[in-house]
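Residues in the sequence shown are numbered consecutively from 1387, following our numbering. Below you'll find the structure, written out as structure tokens, and then a few comments.
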Amino acid sequence: MKVCHVTDTFLPKLGGLEITIDALIREMQQQGTDCSLVAPKPFPPPASLPYPVTGYRPMKISRLSAWWLRQAIARNDRLRGPANVYVAHHSYPCGAAVVKHVRQSGRGRSVIHVHGGDIYDRSRWRRKPAIWARLRTALDTADAVIVSSENMLATVADIIGKDRCVGRVHIIPNGIDLDAQTADASSSRFASAPFAGKPFVLGLGRLISRKAFDQLIEAFPLVDGCRPHLVIAGDGPERHRLETRAAQVNGHYPGRIHVVGSVQGADKRWLLQNCAFMAAPSVEESFGIVALEAMACGKPVLGTAGTGLAEVIEEGVNGYLVPVSNKHLLSAMIVAMLTSAEQMRPAARRRAEEFAWPEVTRKYLDLLRSLGGTTPPAPVG
């Protein structure tokens, strides 16, 4: 089976989605599937990737981006031959491009993997009626749609209707590389940080408004008793605002809140391995791969109810859930987590093991095979 993945975001940009796409394709290759990727430039050197990539320059005009992406998919077909299945990561522009490419070429099957940001209430596409209509049409006419959680399934059902979801929308969770999270991190710059050897709460992810890291900062002055440190790691448009607010709070509680910027490699592993627990106060979250990364290190997670995090966190077992945007309850649960985190560690690790990439990828491939698809001819030359 040949699978062509199509994305509008990829490495070297470091986020949960970019890492997930790369890990999924690598595991598919490991399991004997012939994969290629259509991705925006710049991307990592081809020698560093075990699968071929057809690059394209992103189109800045939103209404033309699906058409532009179809040209890149067609170019990938010419280079490597048509695929049995085309997997679009995001409903627009990727989903719209894949659905139309399959329909026009008469080959293969179309799958849209919804990752959340494209369909949430805060999605920029909801503010563009013409594009939103195309996004809905793509979801409604793709051969299959993949979501990572019940929460996302409900959102898709709101968009295209519950009847159109039956037999077409499939829940397959994101995967986790267990060994990668627990590898040696002794070379990390944080080994000598002011919070090293002290209890700290970790917020990790893209610094964007829906991640609600500002709620963590606001909650910390309300934490009673022993005051832990708070480390917020990541980068994004909210970084300056978070740094400013952290500095204000540190004026009353000196040196307790640290906004440390983007992390990867040993630095990321060190934070995951040494935090007391992770806090993910997201307003919207499709699944929360960072929560599983923390659990792989035996760290429980404090997340928000009504989001995809609720499908990973079992209250009182491997973490707790709080209502969205309630800093008073958030601060109370930070105290509760500090006292119970150690007891939750074994359960957190066991939960992460349920999402190991090999098993998740098998489910993914079972779905793709069930779709069938026209057997593509061998590439010319």
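C-beta atoms are modelled at their ideal positions from N, C-alpha and C, and glycine is treated no differently.
Bounding residues of the beta strand (DSSP E) (the contiguous stretch that carries residue i)
| i | result |
| --- | --- |
| Ala-1425 | 1420–1426 |
| Cys-1661 | Taken as a continuous stretch (DSSP letters only), Cys-1661 belongs to no beta strand (DSSP E), as it is neither H nor E. |
| Ser-1648 | It is not in any beta strand (DSSP E) - Ser-1648 carries neither H nor E in the DSSP assignment. |
| Ser-1496 | 1495–1499 |
| Ala-1474 | 1471–1475 |
| Gly-1402 | First-last for Gly-1402: 1402–1416, but that is the alpha helix (DSSP H), not the beta strand (DSSP E). |
| Ile-1618 | 1615–1619 |
| Val-1703 | That residue, Val-1703, is in no beta strand (DSSP E); it is neither H nor E in DSSP. |
| Ala-1530 | 1530–1533 |
| Val-1687 | 1687–1690 |
Rounded Cβ spacing between residue i and residue j (contact assumed at less than 8 Å)
| i | j | result |
| --- | --- | --- |
| Ala-1452 | Ala-1425 | Going by Cβ atoms, the distance from Ala-1452 to Ala-1425 rounds to 15 Å, so no, they are not a contact pair. |
| Leu-1455 | Tyr-1442 | 7 Å |
| Arg-1642 | Phe-1673 | Not quite, the Cβ-Cβ distance comes to about 30 Å (not below 8 Å), so this is no contact. |
| Ala-1691 | Pro-1709 | 6 Å |
| Val-1552 | Ile-1498 | Not a contact, Cβ separation roughly 16 Å. |
| Gly-1620 | Leu-1590 | 6 Å |
| Val-1698 | Ala-1677 | 5 Å |
Residue i burial status per 10 Å Cβ neighbour count (16 or more: buried)
| i | result |
| --- | --- |
| Asp-1544 | exposed |
| Pro-1763 | At Pro-1763, the pLDDT of 44 sits below 50, so the modelled position is not reliable and the matter cannot be decided from this model. |
| Glu-1536 | exposed |
| Gly-1705 | buried |
| His-1626 | exposed |
| Gly-1492 | exposed |
| Lys-1548 | exposed |
For residue i, the nearest candidate out of the options (CA to CA)
| i | options | result |
| --- | --- | --- |
| Gly-1694 | Thr-1541, Arg-1554, Ile-1546 and Arg-1755 | Thr-1541 |
| Leu-1593 | Pro-1614, Gly-1481, Val-1646 and Lys-1584 | Val-1646 |
| Pro-1559 | Ile-1407, Phe-1581, Pro-1431 and Arg-1510 | Ile-1407 |
| Pro-1732 | Ala-1722, Gly-1702 and Leu-1715 | Gly-1702 |
| Gln-1457 | Ser-1477, Lys-1486, Val-1471 and Asn-1470 | Lys-1486 |
Run of the alpha helix (DSSP H) containing residue i, from where it starts to where it stops
| i | result |
| --- | --- |
| Tyr-1750 | 1743–1756 |
| Cys-1390 | Counting along the chain, Cys-1390 falls outside any alpha helix (DSSP H), though it belongs to the beta strand (DSSP E) covering 1388–1393. |
| Leu-1716 | 1713–1739 |
| Ile-1459 | 1448–1466 |
| Phe-1599 | 1599–1605 |
| His-1556 | Not the alpha helix (DSSP H): His-1556 falls in the beta strand (DSSP E), residues 1555–1557. |
Same chain, Cβ closer than 8 Å to residue i, neighbours up to 5 away in sequence not counted
| i | result |
| --- | --- |
| Arg-1512 | Trp-1518 |
| Ala-1727 | Ala-1662, Phe-1663, Lys-1685 and Pro-1686 |
| Glu-1624 | Leu-1593, Ile-1594, Ser-1595, Lys-1597, Phe-1599 and Asp-1600 |
| Pro-1430 | Leu-1397 and Pro-1398 |
Residues near residue i by beta carbon distance below 7 Å, same chain, minus five either side
| i | result |
| --- | --- |
| Gln-1567 | Arg-1655, Leu-1658, Glu-1679, Ala-1682 and Cys-1683 |
Cβ-heavy atom distance, residue i to the ligand MN, below 7 Å
| i | result |
| --- | --- |
| Arg-1443 | Absence of the ligand MN from the depicted structure is noted, as is the absence of any ligand whatsoever, leaving it without description. |
Nonlocal neighbours in the same chain, by C-beta distance under 6 Å from residue i, ignoring five residues either side
| i | result |
| --- | --- |
| Pro-1765 | Caution is warranted here: a pLDDT of 40 is assigned to Pro-1765, below 50, making its placement in the model unreliable, and the coordinate value is therefore given only provisionally. If we look at Pro-1765 and ignore the five residues flanking it on each side, its Cβ neighbours are Arg-1466 and Gly-1467. |
| Gly-1561 | Phe-1741, Trp-1743 and Val-1746 |
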